[in-house]
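Asks: I'd like to ask you about the structure that follows.
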Amino acid sequence: MQRPALLTLAALSTTGLAHAQSTTKLSPPPSIHNTEPIAMNDVIIIGGSFAGLAAALQLGRARRKVTVLDTGLPRNRFAGHSHGLLGHDHKPPLDILAEARQQLARYPTIRLVNARADSVSGAIDHFSVRTGEGESLEARRVILSYGVADQMPDVPGFAERWGKSVVPCPYCDGFEVAGQHWGLVWSGPQSHQSARLFHDWTNKLTVFADGHEIPPEIKADLARRTIPVVVGRIIEIAHQKGHITTVNLDTRRNVAVDILFAHPRTKPSASLHESLGLATQATPGGIALEVNERRQTSLPGIYAAGDLTTPQLPSVTQASSQGAMAGIFAQQSMLA
Ligand SMILES: Cc1cc2nc3c(=O)[nH]c(=O)nc-3n(C[C@H](O)[C@H](O)[C@H](O)COP(=O)(O)OP(=O)(O)OC[C@H]3O[C@@H](n4cnc5c(N)ncnc54)[C@H](O)[C@@H]3O)c2cc1C
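For the sequence shown, position 172 (counting from the first letter as 1) is numbered 175 according to our numbering, and the numbering increases by one without interruption.
What follows is the structure, encoded as structure tokens:
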């Protein structure tokens, strides 16, 4: 459906716009960038989920030629529902993405491709992206939106329950279990903020130290809030009937909670930023790509958006907003 439209634009560039306008009914006529040789994209977007598709939407609406490469593994694919995105609350995340892809089909200059980007080389105005299938694509700008992957701990039951009864974010999943018994797996001093935050949803919280030494002043604050701290390492997450999750510890204690919050470390889903030598910042949860106020990375012409750049409170809303801005800033950087 998109290919013939692109070919139409290519044909216009070779036969001449004036001739085409006299023989076919066109509305509106393509702008000058559509008469570029068809082999060169304006932008290649690597990662076609919330951030990447939002970037493509803005670029497609600006009639820029865009190719989106995607391997179809959004971070929240384990969750039954996505929450907090205005207009799409409580919808399966994959349904939101499928609807977005359908809407992008009306833009003739956007091409969505199921493929992995394996390498990026070149410099501003002429980047080459090689796909897993060995195809080489050229573009003036590149947007990296390939997200991060949560690194599951080697605890039986953890990965199986991820996105169901073991979850990372109260804004995403807290409302449905408000007032119930929550557990929090301690992952460092930053977990103190989670313990304070969770009080807006429940006053029944248990902290699992999971082998961490919690500083005495934080322990005292938790005690003041009547939040019990369970010592010992988690050796298994077992799922009981209904929503009850049992946390089994190496101290031979088993503690039942209704939902368990945990923050495994994350890792970028690809290493293209490493081979490009892009600047990153270390955060307690993993690394994040550095971008400036126009979402450009440390390499001119390469932009980034979404979880890859968001160590704090990542969300579909943030990823979509950042993606849209990356698309707009990439487009504006190419103005004649
Ligand atoms: C369990 C769980 C539940 C969540 N629930 C919510 C929620 O309810 N509400 C909310 O707002 N947020 C939620 N989130 C957060 C949300 O998933 C992320 O913030 C969001 O997915 C980030 O979007 P993104 O586009 O940056 O990355 P992603 O959605 O992770 O997409 C990255 C895309 O890039 C692709 N990719 C990776 N490498 C390559 C490559 N080399 N070439 C091509 N493509 C590649 C992947 O396949 C994927 O499609 C949840 C997260 C988790 C873990």
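Note that beta-carbon positions come from the ideal geometry of N, C-alpha and C, so glycine has one too. It should be emphasised that the depicted structure is a prediction, and the values quoted were computed from it without experimental measurement.
Quick check: does the Cβ of T74 come within less than 6 Å of any heavy atom belonging to ligand 1?
Replies: The count along the sequence shown starts at 1 and reaches residue 74 at position 71. T74 Cβ: within cutoff of ligand 1.
Asks: Suppose you measure from the CA of A126 to the CA of V116; what does that come to, to the nearest Å?
Replies: Here the question's residue 126 lines up with position 123 in the sequence shown. Here the question's residue 116 lines up with position 113 in the sequence shown. Their backbone Cα atoms lie some 23 Å apart in a straight line.
Asks: Any chance the stretch 276 to 285 sits against the stretch 252 to 267, with 3 or more Cβ pairs inside 8 Å?
Replies: Because the criterion of three Cβ pairs below 8 Å is not met, the stretch 276 to 285 and the stretch 252 to 267 do not touch.
Asks: On a Cα-Cα basis, can you pick out the residue from A223, A198, G191, S197 that is closest to G214?
Replies: Here residue 214 refers to the residue found at position 211 of the sequence shown. Per the Cα distances, G191.
Asks: Keeping to the same chain, check which residues put their C-beta closer than 8 Å to that of E136; ignore five residues upstream and five downstream.
Replies: In the sequence shown, residue 136 corresponds to position 133, counting from 1. So the list reads A118, once near-sequence residues are dropped.
Asks: Report the CB separation of G150 from R78 in whole angstroms; it is logged as a contact under 8 Å.
Replies: By 1-based counting over the sequence shown, the position of residue 150 is 147. By 1-based counting over the sequence shown, the position of residue 78 is 75. 5 Å between Cβ atoms; contact.
Asks: How many Å lie between I331 and V169 at the Cα?
Replies: Your numbering for residue 331 matches position 328 in the sequence shown. Your numbering for residue 169 matches position 166 in the sequence shown. Rounded to whole angstroms, I331 to V169 spans 36 Å at the Cα level.
Asks: Return the CA-CA distance between R104 and D73, expressed in angstroms with no decimal places.
Replies: One-based indexing of the sequence shown puts residue 104 at position 101. One-based indexing of the sequence shown puts residue 73 at position 70. Spanning the two alpha carbons is a distance of roughly 12 Å.
Asks: Across the stretch 314 to 330 and the stretch 87 to 105, are there enough close Cβ pairs to call them in contact, namely three or more that are closer than 8 Å?
Replies: Yes, the stretch 314 to 330 touches the stretch 87 to 105.
Asks: Using a threshold of 6 Å, is the CB atom of R119 nearer than that to any non-hydrogen atom of ligand 1?
Replies: Along the sequence shown, read from residue 1 onward, the residue named residue 119 stands at position 116. Correct: R119 has its Cβ closer than 6 Å to ligand 1.
Asks: Within its chain, find whatever has a CB closer than 6 Å to the CB of L56; leave out the 5 residues flanking it on each side and keep chain order.
Replies: What you label residue 56 is simply residue 53 of the sequence shown in a count that begins at 1. If we look at L56 and ignore the five residues flanking it on each side, its Cβ neighbours are A103.
Asks: Distance check for Q193 and R199, CA to CA, integer angstroms please.
Replies: For the purposes of this step, residue 199 is taken as the residue at position 196 of the sequence shown. For the purposes of this step, residue 193 is taken as the residue at position 190 of the sequence shown. About 11 Å.
Asks: For S197, name the three-state secondary structure that DSSP assigns.
Replies: For the purposes of this step, residue 197 is identified with residue 194 of the sequence shown, where counting begins at 1. Here S197 sits in helix by DSSP.
Asks: Going by alpha carbons, who is nearest to G75 out of Q61, L89, S52, Q335?
Replies: Translated into the one-based positions of the sequence shown, residue 75 becomes position 72. Measuring from the Cα of G75, the nearest candidate turns out to be S52.
Asks: State the DSSP-derived secondary structure class of G125, mapped to helix, strand or coil.
Replies: Counting from 1 along the sequence shown, the entry for residue 125 is found at position 122. In the structure shown, G125 sits in a strand (DSSP, three-state: E or B).
Asks: Reducing DSSP to helix, strand and coil, say where K244 ends up.
Replies: Here the question's residue 244 lines up with position 241 in the sequence shown. Here K244 sits in coil by DSSP.
Asks: Buried or exposed for Q61, going by 16 or more other Cβ atoms inside 10 Å?
Replies: Against the sequence shown, residue 61 aligns to sequence position 58. Its Cβ being crowded by 16 or more others within 10 Å, Q61 is buried.
Asks: Comparing C-alpha positions only, which one of A259, M155, V71 sits nearest to L107?
Replies: Translated into the one-based positions of the sequence shown, residue 107 becomes position 104. Comparing Cα positions, the closest option is V71.
Asks: Would you grab the beta carbon distance between G50 and S148 for me? Rounded to a whole angstrom, and I think it's under 8 Å.
Replies: Taking the first residue of the sequence shown as 1, we reach residue 50 at position 47. Taking the first residue of the sequence shown as 1, we reach residue 148 at position 145. Between S148 and G50 the Cβ distance is about 4 Å, and since that is below 8 Å, they are a contact.
Asks: Any heavy atom of ligand 1 within a distance shorter than 6 Å of the CB on A57?
Replies: Numbered from 1 along the sequence shown, position 54 holds the residue referred to as residue 57. The answer is no for A57.
Asks: In or out: S197 buried (at least 16 other Cβ within 10 Å) or exposed?
Replies: The residue you call residue 197 lines up with position 194 of the sequence shown. S197 comes out buried.
Asks: Any contact of the stretch 239 to 253 with the stretch 154 to 169, i.e. 3+ C-beta pairs under 8 Å?
Replies: Contact holds: three or more Cβ-Cβ distances are below 8 Å.
Asks: Does any heavy atom of ligand 1 sit closer than 6 Å to the C-beta of V376?
Replies: It is not possible to answer for residue 376, since the shown part of the chain is limited to 4 through 339.
Asks: So, at 8 Å on beta carbons, what are the nonlocal neighbours of S324 in its own chain, with the 5 sequence-adjacent residues on each side left out?
Replies: Within the sequence shown, the letter at position 321 stands for residue 324. Counting only Cβ-Cβ distances below 8 Å, and skipping sequence neighbours, we find A57.
Asks: Would DSSP call E239 helix, strand or coil?
Replies: Here residue 239 refers to the residue found at position 236 when the sequence shown is read from its first residue. E239: strand per DSSP, three-state reduction.
Asks: Would you mind reading off the limits of the alpha helix (DSSP H) that contains A223?
Replies: In the sequence shown, counting from the first residue as 1, residue 223 sits at position 220. 219 to 227 is the extent of the alpha helix (DSSP H) around A223.
Asks: Run the proximity test for V319: is its beta-carbon closer than 6 Å to any non-hydrogen atom belonging to ligand 1?
Replies: Position 316 of the sequence shown holds residue 319. It does: the Cβ of V319 is within 6 Å (strictly closer) of some heavy atom of ligand 1.
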